[in-house]
Each structure stands twice: as C-alpha cells, then as structure tokens.
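Structure first, then comments.
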Amino acid sequence: MSYTEAVMAADEESAAILRRLDETERQLRLHREELHQTNQGVLALHAELDAAARNQRDLLDAERAARGQAEKARRLLTFLANASAAVTASLDQEDILRCLPELLVPEYASKVDIWLFDETASSNGARSSAAVAAARCDRPQHAGSHPGALPGVDDLPPSVLSPDRPLLCIPLTMRRTSGVLTLTAPGDRFDEDTSVMLVELARRTAIALDNARRYEQHRDTAEALQRAQLTELPPTEGLRLAARYLPATRGLNIGGDWYDAFSQPDGSLITVVGDVTGHGLRAAVIMGQLRTALRAYAVENDSPARILTRLHRMLRHQQPDLYATAVIARFRPGDPRVVWAAAGHPPAMVREPGGAVRVLDTRPGVMLGVPLPYEYEDHTAELPPGSTLVLYTDGLVERRAQGIDPGIELLGRTLAALDESAAEDLDGCAESLLKVLVHDSERDDDVCLLLCNTVSPDDAPMAAGNADRSHVLDP
447 MSYTEAVMAA DEESAAILRR LDETERQLRL HREELHQTNQ GVLALHAELD AAARNQRDLL
507 DAERAARGQA EKARRLLTFL ANASAAVTAS LDQEDILRCL PELLVPEYAS KVDIWLFDET
567 ASSNGARSSA AVAAARCDRP QHAGSHPGAL PGVDDLPPSV LSPDRPLLCI PLTMRRTSGV
627 LTLTAPGDRF DEDTSVMLVE LARRTAIALD NARRYEQHRD TAEALQRAQL TELPPTEGLR
687 LAARYLPATR GLNIGGDWYD AFSQPDGSLI TVVGDVTGHG LRAAVIMGQL RTALRAYAVE
747 NDSPARILTR LHRMLRHQQP DLYATAVIAR FRPGDPRVVW AAAGHPPAMV REPGGAVRVL
807 DTRPGVMLGV PLPYEYEDHT AELPPGSTLV LYTDGLVERR AQGIDPGIEL LGRTLAALDE
867 SAAEDLDGCA ESLLKVLVHD SERDDDVCLL LCNTVSPDDA PMAAGNADRS HVLDP
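According to the numbering used here, the sequence shown is numbered sequentially starting from 447.
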C-alpha cells in the first residue's frame, strides 16, 4: 500500500471515530435532558406531595377544631339543659337561689351573687356599678379587664369598677326585671360561648323565680281562704271534739280538705269532713261553697244522707267538672248512737273503751258531683260512752307508693295501741295519730282529722269546757 492510500485510510478511520463521538455526545445530551426532566418531575412531585401534606394537616387541624367546638357546644348545651332542669325543679325561691352557686362554681364562675329587688337575695351588701347598670338598662353588663366579647353586652370601662377578675352582670327578667345575677369570671376572662350560655341560664332562672313567686302567692291565697273557713268547734253536751288541719307541703295541693261541726236547733250536732278534688284556689273556693250549702241544707233538720243527696245535685249542676268526697255524722243528746252517711270518703273508725277498733266500712255512696243521679243512705253505729269516732281525709292515710289500704290499717292499729289515758286526751290522741301516720315528711295532700269522743253525763261539764279546742297546725 502506498503512502497516499495509507493516509486516506487513516482519515476515513478518524472520520468514523469522530462520527461515533458525535453520536455518543448526542446520546449523552439526550440522557442529560431526560435526567433534567426527570429531576424536574421529581421536584414537582415533591412539591405536590408537600402541598398535599400541608393541606391534609390543615384539614386535620380544621376537623380537630370543629370537633373541639362541637364538643364544647355539646358540653355547654348539656350543662344548660341540666342546670335548667335543676332550677325549675323547685317552686321554692330559696331552693332556686341556693342551687345556682352549686351549679356554676367553680367551672363557670368563681363567685355568684344574686340581687333580688324584693330583698330576698341570697347575699347582701353593696352592689357593683355593673349590677346597677344591668338593673337600670335591662341588659347584660361586663366589668373589669379582659371582659371577653359577647354580642349585646355592654362593656363598662375598668375605671367604673376594678375587680380582681371580670364580672358579668345579667338582669333576671320575666315580664319585669326582678333582680341581677352577678358572676365573677373563673379566670382572666369570660369565654364568648360560655357567656351566651350564662345569659340564657339567667333567663330561665328568671322564669323559675317568677313561677315560684306566683306559686307562693297562689298558695298563700288558697291557704288563707281555707284557714278562714275552718270552724271553731262548738261546745256540746256529752261530746268532746278535737280537730287538726295540716296543709300540703309539696306541690300546689292546698285548698280541698275541710272539717266542720255545728249545732242544730234540736240540740243535735252535725260533724263533717270533706275533700274537694283538685287543688289550689279554685278547690278552696268550691270547698267554701260546699260548706255553706251543707250548713244551709242542715238547717232543715235533714239526715246526713239527705244532705249529701242535695249536695250531690248542687255540685252536678253548678260544677260539673269537679267532684268531692264527704262524710257526715249526726249526734243527738242522750242517744248512744251516731247516724252517718258517706260519699266516696275513706271509712270512719270507732275506738271503744278498752281499745277495740271498728271500721265503719259500709260501702260509701258515689263521690259528690259524678254525672249520675244518686240517693245516699243513712247508717247507724253504736257509740258506748268513752268511744271516739275518727273522721279524716285521705291525706292522713294515702301514700303514692302504697295506696290507701295500708294507711287505713295503720290508723286502726295506732288507735288500738293507745292506752286509755291517751285515748281520753283528744289533743294527745290527735298528736299521736299524726306522729305515726304523717311524721315530719313532706305531704302531697292536705290532712284533716276530726275526733268525736262521747262522754258519760257525769263528765259532761268537763266535755263542754274542752269542746272548743280546735287546732290548725302550720306545715
């Protein structure tokens, strides 16, 4: 091979190498471009993942906050419901005022002060400017530093009052403003949602206090009316009388029970114990009407059964939605018997000398006022000298959990267990019966008790001297 051919061959070889180098460089550039694009994609993916993680954290934080708010709202609503039930459970103002601090301290207030304008507040002393402002403008007032935000609440500047902790003063308004509830914050401020709950609780407390006030007024009126109509027991030859009346202590149950005793022109004595269904002022008014009508009918010397029949007719026509029970007993001078009639009333009892007890359990007639015609019947019971006839209303013997029969049995056993001296002392006898059957517990119903003790002619002067001892006991 010549030199020229060799050089040409070398050039071709070099050219081939250069071409391969160019191709390799092109491939390398392509790989670099692909790697760059891959890196960019990875960076973008990392950015998307980071953004997604941040969004997820934000969503979790928002969900956690929403759950916290929901739990807080649930807790506040549960407390409001329970507290409302507690303050409305009683019709006694003192119970309501005593209940509030127990409910609110220490979680929702470090101190509670209740200012009632009728001076029955649970605490006395100088009132804060915020409380006075709340009373005047009938709007909640904040006072102190960091009072917290509450729509509709006026914030007084700290210069008005500088308590150790913020105050929230809420007027107690139901038809009229009757007082101010002042709460001292449990911390450095009142939470907004908690403040709204406290304002609502104060509103419900005002309703409870107003209901208690109206109930007490209604009860006092009914009790005064009933007490005014209870009879002074008349002195009667051959008979000693003692009576007790105890008004109900729980609920608006006063007004339906009464006793009466009055002399007739022929010298006989009519004794009555009755009970009007329903309670309150209306029952007391109807009781007064029945008592007056009964006395008017008795003037005609009607028998107990005839008197009850006429009362039944009257009540049916004048008060068709009210009923009553009653037992009437008539004593005649020198007659060792008693004539009686009953209208749906618990059975009378007789305690004879020596302790034997009889229940006058002849079936009573229907209740007075039921919508059907009815004629009552007279019954006669022997009363040897020294016997005691016991008339009473169901409040003495009836209990919700037990009914009336166990109470009647207990009354009979108590009468039989009295010794002779206790049985002859009618006041002591009445107290003994009440102690066993009523105790000192709260009463759902009124209690009337009338004791009629027959005496021998030799004891008649003493009986006449003691016959007017009737007692009306306070609850």
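Every residue, glycine too, gets a C-beta built ideally from N, C-alpha and C.
Contacts around Ser568, its chain only, beta-carbon distance under 6 Å, and the 5 residues preceding and following it disregarded:
As a position in the sequence shown, residue 568 is number 122, starting the count at 1. Here the model assigns Ser568 a pLDDT of 43, short of 50, so the residue's position is not dependable, and the following value carries that caveat. Leu543, Ile560, listed in sequence order.
Helix, strand or coil for Asp959 per DSSP?
In this structure the chain extends from 447 to 921, so residue 959 is not present and cannot be described.
Residue of Lys881, Asp873, Arg804 minimising C-alpha distance to Glu855
Walking along the sequence shown from the start, residue 855 turns up at place 409. When only C-alpha atoms are compared, the closest one is Arg804.
By the 10 Å Cβ neighbour count, where 16 or more other Cβ atoms means buried, how is His592 classified, buried or exposed?
Counting from one through the sequence shown, the residue named residue 592 turns up at place 146. With a pLDDT of 46 at His592, under the threshold of 50, the modelled position of this residue cannot be trusted; read the value that follows with caution. Under this definition His592 is an exposed residue.
Roughly how many angstroms separate the alpha carbons of Arg513 and Glu638, rounded to a whole number?
Residue numbering aside, residue 513 sits at position 67 when the sequence shown is read from its first letter. Residue numbering aside, residue 638 sits at position 192 when the sequence shown is read from its first letter. So the alpha carbons of these two residues sit roughly 18 Å apart.
Considering only residues of the same chain and omitting the five flanking positions on each side of Val453, which have a CB-CB separation below 6 Å?
Residue mapping note: residue 453 aligns to position 7 of the sequence shown, counting from 1. Once the five neighbours on either side are set aside, Val453 has no close Cβ partner at all.
Quick check on this structure: which residue in Asp851, His482, Ser867 has the alpha carbon closest to the alpha carbon of Leu883?
Residue mapping note: residue 883 aligns to position 437 of the sequence shown, counting from 1. Residue Asp851 is the option with its Cα nearest to Leu883.
How big is the Cα-Cα spacing for Arg776 and Glu540?
Position 330 of the sequence shown, counted from the start, is the residue given in the question as residue 776. Position 94 of the sequence shown, counted from the start, is the residue given in the question as residue 540. When rounded, the distance between both Cα atoms is 46 Å.
Expressed to the nearest angstrom, what Euclidean distance is found between the alpha-carbon atoms of Ala802 and Leu897?
Taking the first residue of the sequence shown as position 1, residue 802 is located at position 356. Taking the first residue of the sequence shown as position 1, residue 897 is located at position 451. Near 16 Å, if we compare the C-alpha coordinates of Leu897 and Ala802.
Between which two residues does the alpha helix (DSSP H) carrying Ser460 extend?
Against the sequence shown, residue 460 aligns to sequence position 14. Looking at the DSSP string, the run of the alpha helix (DSSP H) that includes Ser460 is 449 to 534.
Assigned secondary structure, Glu646 (DSSP; H/G/I helix, E/B strand, else coil)
As a position in the sequence shown, residue 646 is number 200, starting the count at 1. Correct three-state label for Glu646: helix.
Does the region 829 to 849 come into contact with the region 711 to 730, if we say contact requires no fewer than three beta-carbon pairs (one atom in each stretch) closer than 8 Å?
yes
Boundaries of the beta strand (DSSP E) in which Pro617 is found, first to last residue:
In the sequence shown, residue 617 corresponds to position 171, counting from 1. Segment 613 to 620, the beta strand (DSSP E) holding Pro617.
So, using beta-carbon positions, are Leu644 and Leu614 closer together than 8 Å?
Here residue 644 refers to the residue found at position 198 when the sequence shown is read from its first residue. Here residue 614 refers to the residue found at position 168 when the sequence shown is read from its first residue. Yes.
In angstroms, rounded to a whole number, what distance separates the CA positions of Leu757 and Ala688?
By 1-based counting over the sequence shown, the position of residue 757 is 311. By 1-based counting over the sequence shown, the position of residue 688 is 242. Cα to Cα, the separation comes out at about 25 Å.
What is the DSSP secondary structure of Gly853, reduced to helix, strand or coil?
The sequence position of residue 853 within the sequence shown is 407, counting from 1. In this structure, Gly853 counts as helix in the three-state DSSP scheme.
Under a three-way DSSP split, which group does Pro604 fall into?
Counting from 1 along the sequence shown, the entry for residue 604 is found at position 158. Low confidence applies to Pro604: its pLDDT is 40, below 50, so where it sits in the model is not reliable enough to give any reading.
What does DSSP give as the partner residue(s) for Phe636 in the beta ladder?
As a first step, residue 636 is located in the sequence shown; it is residue number 190 there, counting from the start. Its beta-bridge partners do not exist; DSSP assigns none.
If we ignore side chains and look at the alpha-carbon of each, how far apart do Asp601 and Ala531 end up?
The residue given as residue 601 occupies position 155 in the sequence shown. The residue given as residue 531 occupies position 85 in the sequence shown. For Asp601, the predicted structure reports a pLDDT of 47, less than 50, and the residue's modelled location is therefore unreliable. The matter cannot be settled from this model.
Bounding residues of the beta strand (DSSP E) (the contiguous stretch that carries Thr826):
For the purposes of this step, residue 826 is taken as residue 380 along the sequence shown, with counting starting at 1. That run of the beta strand (DSSP E) goes 825 to 828.
Looking at C-alpha atoms only, which residue of Glu877, Gln587, Gly625, Ile753 is the closest neighbour of Thr738?
Taking the first residue of the sequence shown as 1, we reach residue 738 at position 292. With distances taken between Cα atoms, Thr738 lies closest to Ile753.
Where does Arg582 land, buried or exposed, given buried means 16+ other C-beta within 10 angstroms?
The sequence position of residue 582 within the sequence shown is 136, counting from 1. By the 10 Å Cβ count, Arg582 comes out exposed.
Taking only three categories from DSSP, how would you classify Arg705?
Numbered from its first residue, the sequence shown carries residue 705 at position 259. Looking at the sequence provided, one finds Tyr at residue 705 rather than Arg. In the structure shown, Tyr705 sits in a strand (DSSP, three-state: E or B).
Any idea what DSSP makes of His758, helix, strand or coil?
The residue you call residue 758 lines up with position 312 of the sequence shown. It is helical.
Taking the alpha-carbon of Tyr554 as reference, which of Arg573, Leu505, Leu476, Phe636 has the nearest alpha-carbon?
Along the sequence shown, read from residue 1 onward, the residue named residue 554 stands at position 108. For Tyr554, the nearest C-alpha among the options comes from Phe636.
Just how far apart, CA to CA, sit Gly590 and Val642?
The residue labelled residue 590 in the question sits at position 144 within the sequence shown. The residue labelled residue 642 in the question sits at position 196 within the sequence shown. If I take the Cα positions, the gap works out to 18 Å.
Look at Ala794 and Ile774 and say whether their C-beta atoms are less than 8 Å apart.
As a working note, residue 794 is residue 348 in the sequence shown. As a working note, residue 774 is residue 328 in the sequence shown. No; because the gap between Cβ atoms is not below 8 Å, this pair is not in contact.
Identified DSSP bridge partners for Ala770:
Start at 1 with the first residue of the sequence shown, and residue 770 comes out as number 324. Partner(s): Val722, Leu814.
With distances taken between CB atoms, is the gap from Ser574 to Arg611 smaller than 8 Å?
Position 128 of the sequence shown holds residue 574. Position 165 of the sequence shown holds residue 611. Not closer than 8 Å, so no.
For Leu476 and chain E, any beta-carbon pair shorter than 8 Å?
Although the question refers to chain E, the structure presented lacks it and comprises just one protein chain.
Would Phe708 pass as a contact of Pro750 if the rule is Cβ separation under 8 Å?
Reading the sequence shown from its first residue, position 262 is the one you call residue 708. Reading the sequence shown from its first residue, position 304 is the one you call residue 750. No, they are not a contact pair.
On the criterion of 16 or more Cβ atoms from any shown chain inside 10 Å, does Glu548 qualify as buried, or is it exposed?
Position 102 of the sequence shown holds residue 548. The residue is exposed, with fewer than 16 neighbouring Cβ atoms inside 10 Å.
What first and last residue would you give for the alpha helix (DSSP H) that runs through Arg728?
To locate residue 728, count along the sequence shown from 1; it is residue 282. Residues 727 to 744.
Cβ-based burial, Val796 [other Cβ within 10 Å; buried from 16]
One-based indexing of the sequence shown puts residue 796 at position 350. Buried, by the Cβ-count rule.
With the cut-off set at 8 Å, would you say Pro810 and His791 are in Cβ contact?
For the purposes of this step, residue 810 is taken as residue 364 along the sequence shown, with counting starting at 1. For the purposes of this step, residue 791 is taken as residue 345 along the sequence shown, with counting starting at 1. Against a cut-off of 8 Å, the Cβ pair of His791 and Pro810 comes out as a contact.
Let me check understanding here. Comparing Cα to Cα, which of Thr682, Thr771, Arg728, Thr755 lies closest to Arg778?
Numbered from 1 along the sequence shown, position 332 holds the residue referred to as residue 778. Residue Thr682 is the option with its Cα nearest to Arg778.
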